[in-house]
Amino acid sequence: LLDLVFIDAPHVIENGVHPEGHIAGDIEGGRGWWMSGSAQEHTDACREFEESVKAIERAYKQEGPFDGILGFSQGACMAAMILSLQCLKKLECSFKFGILVSGFQSRTCPQDHLFAKERSIDVPTLHIIGDTDTVIPKERALEIVPFFVAPSVLWHPGGHILPTGSQCNKQFIEFFKRMASTHSGA
Numbered sequence: 001l002l003d004l005v006f007i008d009a010p011h012v013i014e015n016g017v018h019p020e021g022h023i024a025g026d027i028e029g030g031r032g033w034w035m036s037g038s039a040q041e042h043t044d045a046c047r048e049f050e051e052s053v054k055a056i057e058r059a060y061k062q063e064g065p066f067d068g069i070l071g072f073s074q075g076a077c078m079a080a081m082i083l084s085l086q087c088l089k090k091l092e093c094s095f096k097f098g099i100l101v102s103g104f105q106s107r108t109c110p111q112d113h114l115f116a117k118e119r120s121i122d123v124p125t126l127h128i129i130g131d132t133d134t135v136i137p138k139e140r141a142l143e144i145v146p147f148f149v150a151p152s153v154l155w156h157p158g159g160h161i162l163p164t165g166s167q168c169n170k171q172f173i174e175f176f177k178r179m180a181s182t183h184s185g186a
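Take the sequence shown: its letters are residues 1 to 186, numbered as in the UniProt record's numbering.
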């Protein structure tokens, strides 16, 4: 049995702002974990990131603890950064696994240190990547995988979606069973 708690990104997307992981047509009334320039360019103009970290930490303390963290697109990038901060002991969370759907490595300078080649993120992860994703192309989604110690990758033929086919569901179940058996009694 899974209990899921959904946390909305705390920042309302302003007109004309296109945060990493969003496309122009999907932002009306949308929310973001941080605002920066284009997802394709490296920038140091990152706003609201620290507030978002505090919002996740607050939700963990008030509604958790949680076994895992799941994120989609910019949320997957945020989840990866949360797992990195956890491994660096810079926040009070103890997620045992992460599920990153259409995730990517942030290209904003303030978060560069969270994805260091000399240090791996020691939390098991499931990376879900779409072969035809045009928002976060598979090549970009793959860039984040090597930063994790024990990554699993689930490929699906679709685009920027959470797949629901029976083969994908089977892999989800296998991942959850593996996490449950690894952390039973914890």
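Every residue gets a Cβ at the ideal spot worked out from N, C-alpha and C, and that includes glycine.
DSSP places HIS127 within a strand segment (E or B) once states are collapsed to three.
Counting along the chain, the unbroken beta strand (DSSP E) around GLY71 starts and ends at 68–72.
Counting C-beta atoms within 10 angstroms of its own C-beta, HIS11 has 16 or more neighbours from the protein chains shown and is therefore classed as buried. Listed as beta-bridge partners of VAL101 by DSSP are PHE72, ILE128. Sequence-distant Cβ neighbours of GLU50 in its own chain, meaning closer than 8 Å and more than five residues away, do not exist here. In this structure GLN62 is exposed. Its beta-carbon is surrounded by fewer than 16 other beta-carbon atoms within 10 angstroms. When secondary structure is reduced to three states using DSSP, PHE115 falls in the coil class, being assigned neither helix nor strand. In this structure ASP122 is exposed. Its beta-carbon is surrounded by fewer than 16 other beta-carbon atoms within 10 angstroms. Counting only residues of its own chain and dropping the five nearest sequence neighbours on each side, ILE128 has a CB closer than 6 Å to the CB of VAL101, LEU154.
With the rule of 3 Cβ pairs closer than 8 Å, the stretch 161–174 does not count as touching the stretch 86–97. As DSSP reads the structure, VAL153 sits in a beta bridge with HIS127. In the three-state reduction of the DSSP assignment, ARG140 falls in the helix class.
About 15 Å separates the beta carbons of GLY64 and LEU83, which is beyond the 8 Å limit, so they are not a contact pair. If you look at GLU14, you'll find it isn't in any alpha helix (DSSP H); DSSP assigns it neither H nor E. Remark: C-beta atoms of MET81 and LEU114 approach each other more closely than 8 Å. Note on geometry: alpha-carbon atoms of PRO151 and GLU14 lie some 35 Å from one another. Nearest Cα to ARG178 within the set PRO124, HIS160, VAL53, THR132: PRO124. Close CB contacts of ASP67 within its chain, under the 6 Å cut and outside five residues either way in sequence, are with LYS96 (chain order). Distance from the CA of PHE72 to the CA of ALA59, rounded to the nearest whole angstrom, comes to 18 Å.
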